[in-house]
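Everything below concerns the one structure shown next.
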């Protein structure tokens, strides 16, 4: 889970950049409260989900024997059930919380193009 705080900040910056670019391209106020609330909601969803997941990992790592048994069984399930493992990996990666396309990348010249 190392680096997740950094990732959360990067995802927030990416989502806010997407919002500003989309509003600007469509002639809307970049500070429109309705759009900013949508950004805030999306950001909170990811940050809250990740915080609960990380707190669960911290709580699971205790020296109390029953918790160790349950934790080890849970890790075993995650390791052996691909859809569950993939779901948790996608949450940690933030795939559903970052822009699927980069609207600003179309203005970046191709480094292999000698004319750019």
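Residue numbers (our numbering): 67 to 182. Beta carbons: idealized from backbone N, C-alpha and C, even for Gly. Predicted, not measured: the structure shown is a model, and the values here were computed from it.
Same chain only: Cβ atoms within 6 angstroms of residue i, ignoring 5 sequence neighbours per side
i	result
residue 113	74
residue 90	96
residue 122	none
Cutoff 8 angstroms; reference residue i; Cβ partners in own chain excluding five residues on either side
i	result
residue 189	This structure leaves residue 189 out entirely; the chain is present only between 67 and 182.
residue 146	none
For residue j and residue i, the rounded distance between their alpha carbons
i	j	result
residue 105	residue 148	31 angstroms
residue 140	residue 88	42 angstroms
residue 92	residue 76	24 angstroms
residue 94	residue 137	49 angstroms
residue 107	residue 100	11 angstroms
residue 129	residue 135	10 angstroms
residue 97	residue 131	52 angstroms
residue 153	residue 72	21 angstroms
Cβ pair residue i, residue j closer than 8 angstroms
i	j	result
residue 120	residue 70	yes
residue 157	residue 115	yes
residue 109	residue 159	no
residue 133	residue 126	yes
Member of the options whose CA lies at the smallest distance from the CA of residue i
i	options	result
residue 103	122, 82, 135	82
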